[in-house]
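Structure record follows, encoded as structure tokens.
Structure, rendered in structure tokens:
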């Protein structure tokens, strides 16, 4: 496959997949999602590969989520179903890959990028990295994070991350249990190389079995997820969503007061 939005390379048993849209802070469009999925599947199928590394180009961001200019701001009901399905395919490819998948985070790790790192097996971040969800503020919806985050960091903390849309330092993310290791800026490559070497020294069959065991309760097979996707279909393209995306584009606070309602 010829890639336009990512870089894909292999060396020494490691497959490195890099989101290559630094001008957009490595934001995701449908092409990016599809290419990431393809690359993860290719790495999983390659018998020479023992570890997969996901990262973002440019040094400013791992990934800031959906591209507001080309995807989120024009999303409608039909487009939401497409987007949700493609994201599920990507997260499933990462989750079900038989090799350990490391997220190497440098800079912003926000929204869909935050979901992506959560679905990776391990995360190494630089000290200046920042983490967080933004869906409720900018007109997106991290539906898959609703099933995974509580298992990673507990219900109370997950509600905080999802509801408040705050940003967290790498040190805070480490404290929460969102990342495994934090390294000084400039030392990410060396730290990733050390972890890859450590993993490549382990039995690949045992690692595969351990990953299967940890993932046996597959959040992506949760029967509630399709209902959650369906419940949000009418939101996309609505006045409420347009207020959120418009406010984000105009750098103002959104006014959601007209959209509050009593329980039906």
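Residue numbers (our numbering): 143 to 406. Quick reminder that beta carbons are idealized off the backbone N, C-alpha and C, glycines included.
- For the pair of segments examined, the stretch 279 to 297 was found to touch the stretch 363 to 375: the number of CB pairs separated by less than 8 Å reaches three.
- Rounded to whole angstroms, the gap between the alpha carbons of residue 402 and residue 381 is 12 Å.
- Rounded to whole angstroms, the gap between the alpha carbons of residue 238 and residue 196 is 15 Å.
- Excluding residues up to 5 positions away in sequence, 155, 156, 241, 242, 244, 338, 341 and 342 lie with their Cβ nearer than 7 Å to the Cβ of residue 193 in the same chain.
- Within the same chain, 307, 386, 390 and 396 come within 8 Å of residue 279 by CB-CB distance, once the 5 residues on both sides are set aside.
- Excluding sequence positions up to five before and after residue 316, its CB lies within less than 6 Å of the CB of 324, all in the same chain and listed in chain order.
- Sequence-distant partners of residue 208 (beyond 5 residues in either direction) whose C-beta falls short of 7 Å from its own C-beta, in its chain, are 169, 170, 214, 253, 254 and 282.
- Excluding the 5 residues flanking it on each side, residue 294 has same chain C-beta neighbours closer than 7 Å at 260, 319 and 320, in chain order.
- Residue 280 sits in a helix when the DSSP states are folded into three classes.
- Bridge partners of residue 272 according to DSSP: 250 and 311.
- For residue 376 and residue 383, the gap between their C-alpha atoms comes out near 10 Å.
- Beta-carbon to beta-carbon, residue 217 and residue 398 are separated by about 18 Å, too far to satisfy the 8 Å threshold.
- Listed as beta-bridge partners of residue 197 by DSSP are 160 and 246.
- Residue 187 and residue 199 have their C-alpha atoms some 24 Å from each other.
- Annotation: residue 266 to residue 304 spans about 22 Å, alpha carbon to alpha carbon.
- Its Cα nearest to that of residue 361, the residue 292 stands out among 292, 268, 352 and 299.
- In the structure shown, residue 262 falls within a coil segment according to DSSP collapsed to helix, strand and coil.
- Of the candidates 309, 211, 225 and 235, the residue whose Cα lies closest to the Cα of residue 271 is 309.
- Annotation: the continuous beta strand (DSSP E) that includes residue 151 extends over 148 to 153.
- Here residue 217 carries a coil assignment [DSSP, helix/strand/coil].
- By the neighbour-count criterion, in which a residue is buried when 16 or more other Cβ atoms sit within 10 angstroms of its Cβ, residue 354 is exposed.
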